[in-house]
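Participant: Read in order, the letters of the sequence shown are residues 127 to 526 in this note's numbering.
Just so it is clear, CB atoms sit at the ideal spot from N, CA and C, and this is done for glycine as well.
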Amino acid sequence: MSKEALFNRNYCLLCLANFLFFFSFYLILPVMPLYLSEAFVTDKSIIGAVIACYSIATLVVRPFSGYMMDSFNRKAVYILAFVLFTAVFGGYVLAESLMAIVVVRVLYGLTFGLTSVSSNTLVIDLVPSSRRGEGIGFFGISSNIAMALGPMAGLMMHGKVGYQWIFGICLIVSMVGVVIATRIRTRYRPPLIRPKVSIDRFVLLKGIPGGIAYILVAFPYGQISNYVAMYISENSLTLSGGMFFVLYSVGLILSRLYAGRMVDRGKTPQTVALGIAILVVGIALLAQIPYFAGRDGHLADYVLVASAVLCGAGYGTIFTSFNTMFIDLAHHNQRGSATATYLTAWDIGLGLGVFAGGAIAEHFSFSTGYVVADAVLMAGLLFFVAVVVPHYKRNKVAEG
127 MSKEALFNRN YCLLCLANFL FFFSFYLILP VMPLYLSEAF VTDKSIIGAV IACYSIATLV
187 VRPFSGYMMD SFNRKAVYIL AFVLFTAVFG GYVLAESLMA IVVVRVLYGL TFGLTSVSSN
247 TLVIDLVPSS RRGEGIGFFG ISSNIAMALG PMAGLMMHGK VGYQWIFGIC LIVSMVGVVI
307 ATRIRTRYRP PLIRPKVSID RFVLLKGIPG GIAYILVAFP YGQISNYVAM YISENSLTLS
367 GGMFFVLYSV GLILSRLYAG RMVDRGKTPQ TVALGIAILV VGIALLAQIP YFAGRDGHLA
427 DYVLVASAVL CGAGYGTIFT SFNTMFIDLA HHNQRGSATA TYLTAWDIGL GLGVFAGGAI
487 AEHFSFSTGY VVADAVLMAG LLFFVAVVVP HYKRNKVAEG
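#1: What did DSSP end up calling Ile517 once you bin it into helix, strand or coil?
#2: Can you give me the Cβ contacts of Asn521 inside the same chain, cut-off strictly under 7 Å, excluding the 5 residues immediately before and after it?
#3: Runs of 4 residues minimum, wholly inside the region 447-525: which ones carry the alpha helix (DSSP H) assignment?
#4: Starting from Glu164, follow the alpha helix (DSSP H) in both directions and report where the run begins and ends.
#5: Express the C-alpha separation of Phe208 and Ala339 in angstroms, rounding to a whole number.
#6: According to DSSP, which residues form a beta bridge with Val287?
#7: Tell me the rounded alpha-carbon separation between Val287 and Val299.
#8: Return the chain-ordered list of same chain residues with a C-beta closer than 6 Å to the C-beta of Leu185, the five sequence neighbours on each side being excluded.
#9: Look at the alpha carbon of Lys519 and the alpha carbon of Thr443, and state the distance between them as a whole number of angstroms.
#10: List the whole-angstrom C-beta distance separating Gly475 from Val329, where the pair is believed to meet the contact cut-off of C-beta under 8 Å.
#11: For Met273, I'd like the list of residues in its chain whose CB is within less than 6 Å of its CB, leaving aside the five on either flank, ordered along the chain.
#12: If Thr241 and Phe147 are in contact, beta carbons under 8 Å, what's the gap, nearest whole angstrom?
#13: Compute the beta-carbon to beta-carbon distance between Ile292 and Met283, rounded to the nearest angstrom, for a pair I have assumed lies under 8 Å.
#14: Under a Cβ-count criterion, where at least 16 other Cβ atoms within 10 Å of its own Cβ denotes burial, should Ile172 be classed as buried or exposed?
#15: Quick check: the region 300-310 against the region 199-208, are there 3 or more CB pairs under 8 Å?
#16: Mind checking Thr364: buried by the 16 CB within 10 Å criterion, or exposed?
#17: Buried or exposed, going by whether 16 or more other CB atoms sit within 10 Å of the CB of Ser381?
#18: Between which two residues does the alpha helix (DSSP H) holding Gly408 run?
#19: Candidates Ala464, Ile409, Arg258, His457: which alpha carbon is nearest Arg387's?
#20: Does DSSP classify Glu260 as helix, strand or coil?
#21: In the DSSP assignment, find the unbroken alpha helix (DSSP H) run with Thr212 in it and report its ends.
#22: Starting from Ser366, trace the alpha helix (DSSP H) in both directions and tell me its first and last residue.
#23: How would you label Phe418, buried or exposed, when you count the other beta carbons within 10 angstroms and need 16 or more for buried?
#24: Does the separation of the CB atoms of Gln290 and Val214 fall below 7 Å?
#25: For the alpha helix (DSSP H) that contains Asp251, what are its first and last residues?
#26: For Arg135, does the three-state DSSP call read helix, strand or coil?
#27: Return the CA-CA distance between Phe448 and Ile402, expressed in angstroms with no decimal places.
#28: Could you tell me the alpha carbon to alpha carbon distance between His489 and Phe371, rounded to whole angstroms?
#29: Inspect the CB distances between the region 460-467 and the region 429-445 and report whether three or more fall short of 8 Å.
#30: Can you tell me whether DSSP reads Asp169 as helix, strand or coil?
#31: At the level of alpha carbons, what is the spacing between Cys141 and Gly420?
#32: What separation, rounded to the nearest whole angstrom, lies between the Cα atoms of Gly477 and Ser491?
#33: Would you grab the beta carbon distance between Leu252 and Thr312 for me? Rounded to a whole angstrom, and I think it's under 8 Å.
#34: May I ask you to report which of helix, strand or coil DSSP gives Gly294?
#35: Just to confirm my understanding: we take Cys138, look at its own chain, exclude 5 residues before and 5 after, and list those with CB closer than 7 Å. What are they?
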């Protein structure tokens, strides 16, 4: 078997394992609030706190995940993390109290954070540097497809089968992913050995300026992912929240293919800037939905369609190119730290967006929240062009 054929086989196996990992993750995402409400008869504030345990645990483990990927055999760490993530679904099946669910959610966040960092780091080792942008783009599509299909499958199962069956199906899907992941063959890379404990074990210091920009870019998504369905319902639009995310996924998938090719042609900073600019337009349209809804409901639906596709296209362009920028700033034995820094910045921005969006909507409106999000995004674009791009050009590592 040729080296190129071997690369294709291993890359495809990793993409398939990644799809199954995220499919099991997204399958229970819309079901968990319903499960907590129906099984434990608790109020919305408690439900939010229990669900948030996962996010906090994920954020905490990200930097340590990068250190583990840079210090130990990457495939071994990936398999271990994937196995632990899979085992947690058994915890959902066995948990009989709300406190037990809290413990499971914390373990879920820890194992999800470690698995996602390790898979995103491993794919960098599998793709040639000349095809890195395209490779990251296609790899991301595997999780995007899971994002589109998983919630739909979970909601279809809800009401037709019991929650234990749903958790059991997630367990089986994830187990299949683990089996596939064990078939991946990777090149040997010597483990990183550092004599002193230092912050660069956990955070890519050269990636901090990019991380700040990425926090600002992630901020609007916190509002999109959590509040857009309520926003659409509030304005009595024909288009559903589910259809918004279908259209968003279409823009996301198509743009990843284009962005990957642009990155491989050496236009990584330009691609990031283009993605942010597209996103600025998409969020601006989303903020104006009440204006259009008050004049013509059909026109408001068309504007929402355009906004969904543009938001997806913007983030799809940004994901591939921004990820590559972080990797370009790291030596091969820092790729785990680079990936962890990239994902941690996303988690922080997402969390701030969720918190701020809810507070602004409570005192003003969802529309005002999206206006603020667009202003944050424009500030991110200016910071990226003025600070991040020059820093990237000075510190880029010329390494395959």
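Facilitator: Checking against the coordinates, here is how it stands:
#1: The residue you call residue 517 lines up with position 391 of the sequence shown. The sequence given here has His at residue 517, not Ile. The answer is helix: DSSP assigns His517 an H, G or I state.
#2: As a working mapping, residue 521 is identified with position 395 in the sequence shown. By the criterion of a C-beta distance shorter than 7 Å, Asn521 is surrounded in its chain by Lys332, Leu455, once the five residues flanking it on both sides are discounted.
#3: 461-489, 492-509, 515-521
#4: The residue given as residue 164 occupies position 38 in the sequence shown. Counting along the chain, Glu164 sits inside the alpha helix (DSSP H) bounded by residues 157-166.
#5: Position 213 of the sequence shown, counting from 1, holds the residue named residue 339. Position 82 of the sequence shown, counting from 1, holds the residue named residue 208. Roughly 30 Å between the two C-alpha positions.
#6: Here the question's residue 287 lines up with position 161 in the sequence shown. Answer is His284.
#7: Mapped onto the sequence shown, residue 287 falls at position 161. Mapped onto the sequence shown, residue 299 falls at position 173. Straight-line Cα distance between these residues: approximately 16 Å.
#8: For the purposes of this step, residue 185 is identified with residue 59 of the sequence shown, where counting begins at 1. Answer for Leu185: Asp473, listed in chain order.
#9: If you number the sequence shown from 1, residue 519 lands on position 393. If you number the sequence shown from 1, residue 443 lands on position 317. Their Cα atoms are separated by approximately 20 Å.
#10: If you number the sequence shown from 1, residue 475 lands on position 349. If you number the sequence shown from 1, residue 329 lands on position 203. Incorrect: roughly 16 Å between the Cβ atoms, too far for contact.
#11: If you number the sequence shown from 1, residue 273 lands on position 147. Here the set comprises Tyr152.
#12: On the sequence shown, residue 241 is found 115 positions in, with the first residue counted as 1. On the sequence shown, residue 147 is found 21 positions in, with the first residue counted as 1. Yes, they are in contact, since the Cβ atoms of Thr241 and Phe147 sit about 6 Å apart, within 8 Å.
#13: Reading the sequence shown from its first residue, position 166 is the one you call residue 292. Reading the sequence shown from its first residue, position 157 is the one you call residue 283. Sure, about 5 Å apart at Cβ, within 8 Å.
#14: Indexing the sequence shown from 1 puts residue 172 at position 46. The residue is exposed, with fewer than 16 neighbouring Cβ atoms inside 10 Å.
#15: yes
#16: To locate residue 364, count along the sequence shown from 1; it is residue 238. Thr364 is classed as exposed because its beta carbon has fewer than 16 other beta carbons within 10 Å across all chains shown.
#17: In the sequence shown, the residue the question calls residue 381 occupies position 255. It is buried - the Cβ of Ser381 has at least 16 other Cβ atoms within 10 Å.
#18: Taking the sequence shown and counting its residues from 1, one reaches residue 408 at position 282. 394-413 is the span of the alpha helix (DSSP H), which, as asked, contains Gly408.
#19: What you label residue 387 is simply residue 261 of the sequence shown in a count that begins at 1. Nearest option by C-alpha distance: Arg258.
#20: Numbered from 1 along the sequence shown, position 134 holds the residue referred to as residue 260. It is helical.
#21: Looking up residue 212 in the sequence shown gives position 86. Residues 200-220.
#22: Here residue 366 is taken as the residue at index 240 of the sequence shown, counted from 1. From DSSP, Ser366 is part of no alpha helix (DSSP H); its letter is neither H nor E.
#23: For the purposes of this step, residue 418 is identified with residue 292 of the sequence shown, where counting begins at 1. Buried: at least 16 other Cβ atoms inside 10 Å.
#24: The residue you call residue 290 lines up with position 164 of the sequence shown. The residue you call residue 214 lines up with position 88 of the sequence shown. No.
#25: Translated into positions along the sequence shown, residue 251 becomes position 125. Counting along the chain, the alpha helix (DSSP H) containing Asp251 begins and ends at 224-252.
#26: In the sequence shown, residue 135 corresponds to position 9, counting from 1. Arg135: helix per DSSP, three-state reduction.
#27: Numbered from its first residue, the sequence shown carries residue 448 at position 322. Numbered from its first residue, the sequence shown carries residue 402 at position 276. Whole-angstrom Cα-Cα distance: 11 Å.
#28: Looking up residue 489 in the sequence shown gives position 363. Looking up residue 371 in the sequence shown gives position 245. Approximately 26 Å, taken between the alpha carbons.
#29: no
#30: One-based indexing of the sequence shown puts residue 169 at position 43. Of the three classes helix, strand and coil, the one that applies to Asp169 here is coil, per DSSP.
#31: Taking the first residue of the sequence shown as position 1, residue 141 is located at position 15. Taking the first residue of the sequence shown as position 1, residue 420 is located at position 294. Roughly 45 Å between the two C-alpha positions.
#32: Numbered from its first residue, the sequence shown carries residue 477 at position 351. Numbered from its first residue, the sequence shown carries residue 491 at position 365. Looking at the backbone, the Cα of Gly477 and that of Ser491 are separated by about 19 Å.
#33: For this step, residue 252 is matched to residue 126 along the sequence shown. For this step, residue 312 is matched to residue 186 along the sequence shown. Their Cβ separation, rounded to whole angstroms, is 7 Å, which keeps Leu252 and Thr312 in contact under 8 Å.
#34: On the sequence shown, position 168 is the one that residue 294 refers to. Helix, per DSSP.
#35: For the purposes of this step, residue 138 is taken as residue 12 along the sequence shown, with counting starting at 1. The answer is none, since no qualifying residue turns up.
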